[in-house]
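Structure first, then comments.
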Amino acid sequence: MSTLDDHAKKISEDTAGGAAAARSTEEKMEKQDNGPGGPIILFFILGLFASLIVGWTIFPKLLYSQKKQPIDFNHAFHVAEVDNGCESCHFFRKDGTFSGAPKLEQCIDCHEEIQGVDPDEIKFVEEYVSNGREVPWLIYSKQPDCVFFSHAAHIKGAGMDCVTCHGHIGETENLKVYEENRITGYSRDIWGKSIAGFKKNTWDRMKMDDCAECHQRTDANIEKTGIKTPTNRLIDDIVNVISPWSLSTVKGSSVQTQRDACFVCHK
Amino acid sequence: MKIGRRGFLSFVIGGAAGTALSPLPWKLTDDSSIWTQMWPWTPVPEDGETSYVNSVCTLCPGRCGITVRKIDDRAVKIEGMKGHPVNDGGACLLGLSGLQLLYGPTRIKSPLKKTGKSGQGRWEKISWKEAVSEIVEKLGNLRSKGQSHTVGFVSGSDRGTIPRLFERFLTAYGSPNLMRMPSVRDSYELTLHMMQGVQALPGFDFENADFILSFGSGIIDGWGSPVRMFRANSAWQDANVKVIQIEPRLSNTAAKSSKWIPINPGTEAALAMGLAHVIIKEELYDNDFISNYAKGFDEWKQLVLDKYSPDSVAAVTGIDSGTIVVLARGFANASRPLAICGRGDGNTPVSLNESMAVHALNALAGNVNKKGGVWAVSDMDYISWPEIEMDAMAAAGMQQDRLDGAGSRKYPFSRYLMNRLPKAINSGEQYPLQALFVSGANPFYTLPDTKSVQEAFDKIPLVVSFSSYMDETSQHADIILPNHVFLERYEDVPSPVGLIQPVIGLAKPVVEPQFNTRHVGDVIIQLAKGLGGSVASAFPWDSYYSCLKETLNDKWETLVEKGFWSGTELMGPTLESAFGTVSGKFEFINPDTGSMPQFKPISIEGDERLYPLVLIPYDSIRLANGYIGDPPFAIKTVEDTVLNGEYVFVEINPKTAGSAGLHDGQRLVLITPKGKAEVKIHFFEGIMPGIIALPRGLGHTAYDDYLAGKGINFNTLIGPVEDPDSGMDAAWGIRAKLNKV
Chain A
1 MSTLDDHAKK ISEDTAGGAA AARSTEEKME KQDNGPGGPI ILFFILGLFA
51 SLIVGWTIFP KLLYSQKKQP IDFNHAFHVA EVDNGCESCH FFRKDGTFSG
101 APKLEQCIDC HEEIQGVDPD EIKFVEEYVS NGREVPWLIY SKQPDCVFFS
151 HAAHIKGAGM DCVTCHGHIG ETENLKVYEE NRITGYSRDI WGKSIAGFKK
201 NTWDRMKMDD CAECHQRTDA NIEKTGIKTP TNRLIDDIVN VISPWSLSTV
251 KGSSVQTQRD ACFVCHK
Chain B
1001 MKIGRRGFLS FVIGGAAGTA LSPLPWKLTD DSSIWTQMWP WTPVPEDGET
1051 SYVNSVCTLC PGRCGITVRK IDDRAVKIEG MKGHPVNDGG ACLLGLSGLQ
1101 LLYGPTRIKS PLKKTGKSGQ GRWEKISWKE AVSEIVEKLG NLRSKGQSHT
1151 VGFVSGSDRG TIPRLFERFL TAYGSPNLMR MPSVRDSYEL TLHMMQGVQA
1201 LPGFDFENAD FILSFGSGII DGWGSPVRMF RANSAWQDAN VKVIQIEPRL
1251 SNTAAKSSKW IPINPGTEAA LAMGLAHVII KEELYDNDFI SNYAKGFDEW
1301 KQLVLDKYSP DSVAAVTGID SGTIVVLARG FANASRPLAI CGRGDGNTPV
1351 SLNESMAVHA LNALAGNVNK KGGVWAVSDM DYISWPEIEM DAMAAAGMQQ
1401 DRLDGAGSRK YPFSRYLMNR LPKAINSGEQ YPLQALFVSG ANPFYTLPDT
1451 KSVQEAFDKI PLVVSFSSYM DETSQHADII LPNHVFLERY EDVPSPVGLI
1501 QPVIGLAKPV VEPQFNTRHV GDVIIQLAKG LGGSVASAFP WDSYYSCLKE
1551 TLNDKWETLV EKGFWSGTEL MGPTLESAFG TVSGKFEFIN PDTGSMPQFK
1601 PISIEGDERL YPLVLIPYDS IRLANGYIGD PPFAIKTVED TVLNGEYVFV
1651 EINPKTAGSA GLHDGQRLVL ITPKGKAEVK IHFFEGIMPG IIALPRGLGH
1701 TAYDDYLAGK GINFNTLIGP VEDPDSGMDA AWGIRAKLNK V
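Protein chains in written order, with this note's numbering: chain A, 1 to 267; chain B, 1001 to 1741.
Have a look at this one:
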């Protein structure tokens, strides 16, 4: 009996051992299935946050280089000195074209001799005025040469204010740092300070969407052009797919179907 | 904690999601699109203030008024000047491309001195001071050795203050060797001297003529002042004026004319004589002019009636005798007919007999110094400088014979014979040329027989080029003193040849000199001052600018403001006082030399048995063939039937080609007694059988990649043929053959 019992015990032990082994394997499996669920999400979250940090904070820092203007300039002071506001220096030429940043010719009347003791003033007169060299200003509002833009049409024609697009630069006492986009070579002011493209004021950005903002309105003075920028066309297209009935006017009025629509502005 | 495969993947997915939720991809897309649309190397037009400067284009003898549009300091467009007496707002292709000659890469940026062998292209930059003093030293040495006459000067023009400064320099220094580049003006000047006894320029009242008989003159292919001619041609079309074009090839001018009459090349004088025969025989000539203003008519008439009947002329010219009779009647019955000569763009002379025969037709029509006719106009005399006080050395030098033989006993009335210079240098019969100055000309390219020109250049110890560009002559010079280009310098520009009203244009700086160049006028003054003595005292001016301003005196203000000055009086005298001959009349036969209008064939080089074909050149307004080569804009307009890659097409009549078993576009070797070149052939029914034609203006070895190495320079295939009466190059073609490659 003992032999039988022993045998039975052995079997039972073996079975128990087997069950235990099976249990322990199951446990391991459970551990692997349920236990490591946390780290996978953790990795996802890690990747998510890392890329968000890269995209929102590191990327803008890498994208723009910081450049200083050749000399500083006090707009507020000069605006107080002149009679005609911005147009005293940023004037329209006889043929209606806009002069942009002033040349030495406009400065030389007052600055032939050094005025005061400001080191920038001394540098201006000694390096530029005396040598007849134009100051290589870095232009914050310089755009790619692919659009016909007339200052006269906006200022003289539509009676707009400089501030609408350029902001309160006339009230500043120093020139801000020029942030140059390393890829395009243009100033950060075109895309706007906000990397996400958000803006609070009309002068925060100078992209095509911002032109369209006015040109799509039906205000009395502005000719409605039905301009479709890449962004609002994308929105229209999405809306059109989701609810085709809600944007009935979109059909047939896209940029492509308007004759020469792009080339009204684009070269 | 170990990162497993799953962990890594979820990190990447998380990263992708986060990136999509960040501005990075959207901003990068936007930036890269701006970047690709605005490649940094894409030129962006200047933005700035627009202004206009009135000036004169001096790229060809046309002398058009131009208005140059500028944005700030950069010239951006050349336009014809509205209201200018020569071109009134019109411009030609070369003129429009002028900015490429200002900003292009072929400019010489500072004085250069050759370091290697001639033509090797090895140069050393030197300062202006070094350059001027080196030349002064060499000129001083020659003069002290009594060899002042061995210095020569080649100029593109001999009118205006700059050529006059060259002349003054050579006179004070002591050399008679000032040479002007050849053109049909040489033939006309000699003809007017022989028949009218005047030293004058030919003037043509195209605007008032009502029948144009052109003996091969490319009226819209660059002859005369090109833009004036375009305008005249358009006016003729509107007014139904008959334009008869006589030449062996259907040129653009021929295609636009009322009638094209193909003629055996080189027999134009025979046709003119045949026409004279019909006019005289049928008494269609202007009786008033012949009886009151002409001499020698009866004697000449006999010759014409004896030798030039329509039938005999038909046999020579290949033109049907009936056509000759009809043409003669048409010419004589028109009220203001005008006959002109000078093949193609008129950059080569014709034989004296030919120009006299053509001029005789105008005389028969009584259309000399009259409305709608040919005028002998005297040059404007606004340049009055103090007399030169020559020292003994200068006087001795000026007594020497000219090296080119002009004014010699053989050719007493020819003023310049530049075509004879290479031969004179190479033969060494007279005296060796020790120094040659070249300005406004590119003789190394434009003179016929390039090999002999090269040989001559190699023999001259000092060649100085004033060219602004690294052209062929500069490539073979010893010292280059680059002049400002026409848009950077002041220069007075007298009215172009052919105009009958007086006009002075003022070329003035449109932009600041772009490089370390210097005005040729200033350099001449500095050379004179460096030589000292009587040479220096002949140049009392500090600078060319002060010389010019002083010379133009009361006209200066108008010129600066308007860009040109024009007088109301015509430059030519009226018929009554037109003739400076002893008889005071138009001479059909020159009493001194016996020269008269007739046909003396000029035989071209080459044996007919060895060279069965006749090669003639042709000119096109799209191919500049003077001292300026085609700028890139212009060369791009040349048709595929003229230039194909590096190959130039030889035009050949399908009949000629068919009999030789050639096919269109075939690559062949063109051989003449002077040289050979690989070409392609183009079947063209507008060329007479037995004749082949090649354009001038290609085959440059100098200038930029757009021009250099394309086609063949016609001058490498032809040599000069001296006209026994004038010494001028009267070659109208050369015998040639086409061999398989």
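A virtual CB, placed ideally from N, CA and C, is assigned to each residue, including glycine.
Quantities reported herein were computed from a predicted structural model and do not represent experimental measurements.
- One finds 1014, 1015, 1016, 1017, 1018, 1019, 1020, 1021, 1022, 1024 in chain B with Cβ atoms closer than 9 Å to the Cβ of residue 51/A, taken in chain order.
- As the crow flies, the alpha-carbon of residue 1022/B is around 15 Å from that of residue 193/A.
- Residues of chain B with a Cβ closer than 7 Å to the Cβ of residue 95/A are, in chain order, 1050.
- The residue among 1288/B, 1427/B, 1412/B with its C-alpha nearest the C-alpha of residue 1368/B is 1288/B.
- Uninterrupted alpha helix (DSSP H) stretches at least 4 residues long and entirely within the stretch 1283-1315 of chain B occur at 1287-1293, 1297-1307, given in chain order.
- If you draw a straight line from the Cα of residue 46/A to the Cα of residue 1031/B, it is about 28 Å long.
- DSSP links residue 1469/B through a beta bridge to 1107/B.
- DSSP places residue 1736/B within a strand segment (E or B) once states are collapsed to three.
- Taking a Cβ-Cβ threshold of 8 Å, the residues of chain B close to residue 47/A are 1010, 1011, 1012, 1013, 1014, 1015, 1016, 1017, 1018, in chain order.
- Residue pairing by DSSP places residue 1211/B opposite 1242/B, 1337/B in a beta bridge.
- The residue among 236/A, 147/A, 210/A with its C-alpha nearest the C-alpha of residue 164/A is 210/A.
- For residue 1202/B, the enclosing beta strand (DSSP E) has its first and last residue at 1201-1204.
- The DSSP assignment places 188-191 as complete runs of the alpha helix (DSSP H) inside the stretch 185-211 of chain A, in order along the chain (cut-off: 4 residues).
- Listed along chain A is no residue with a C-beta nearer than 8 Å to that of residue 1082/B; the closest approach is about 18 Å.
- Per DSSP, residue 161/A is not a residue of any alpha helix (DSSP H), being assigned neither H nor E.
- Contact check between the stretch 1078-1090 of chain B and the stretch 1549-1567 of chain B: three or more CB pairs, one atom from each, fall below 8 Å, which counts as touching.
- In the three-state reduction of the DSSP assignment, residue 1728/B falls in the coil class, being assigned neither a helical nor a strand state.
- In chain order, 1587, 1588, 1589 place their CB closer than 6 Å to the CB of residue 1296/B, counting only its own chain and leaving out the 5 sequence neighbours on each side.
- A contact between stretches requires three or more CB pairs, one per stretch, nearer than 8 Å, and the stretch 1676-1691 of chain B meets this requirement with the stretch 1640-1655 of chain B.
- Annotation for residue 1140/B: no beta strand (DSSP E) segment contains it, though the alpha helix (DSSP H) segment containing it runs 1128-1144.
- Residue 1600/B sits in coil when the DSSP states are folded into three classes, being neither helix nor strand.
- Boundaries of the alpha helix (DSSP H) harbouring residue 1026/B: 1024-1037, taken from the DSSP string.
- Chain B has no Cβ within less than 8 Å of the Cβ of residue 203/A.
- In the three-state reduction of the DSSP assignment, residue 1545/B falls in the helix class.
- About 48 Å separates the beta carbon of residue 1735/B from that of residue 1388/B, a gap too long to meet the 8 Å contact definition.
- In this structure, residue 1731/B lies near residue 1718/B, with their beta-carbon atoms less than 8 Å apart.
- By the rule that beta-carbons nearer than 8 Å mark a contact, residue 145/A touches chain B.
- Closer than 8 Å to the CB of residue 1258/B there is not a single CB belonging to chain A.
- Bridge pairing for residue 1067/B: 1054/B, 1079/B [DSSP].
- In the three-state reduction of the DSSP assignment, residue 1369/B falls in the coil class.
- Annotation for residue 1112/B: the continuous beta strand (DSSP E) segment containing it runs 1112-1114.
- Pairwise C-beta distances place the stretch 1403-1418 of chain B out of contact with the stretch 1129-1138 of chain B, as fewer than three of them are shorter than 8 Å.
- With respect to chain A, the C-beta atom of residue 1619/B has no partner C-beta closer than 8 Å.
- In terms of Cα proximity to residue 1047/B, the closest of 89/A, 149/A, 50/A is 149/A.
- From the listed residues 1218/B, 1617/B, 1488/B, 1529/B, the smallest Cα separation to residue 1099/B is found for 1488/B.
- Identification of residues in the stretch 101-131 of chain A having a C-beta nearer than 8 Å to some C-beta of chain B yields an empty set.
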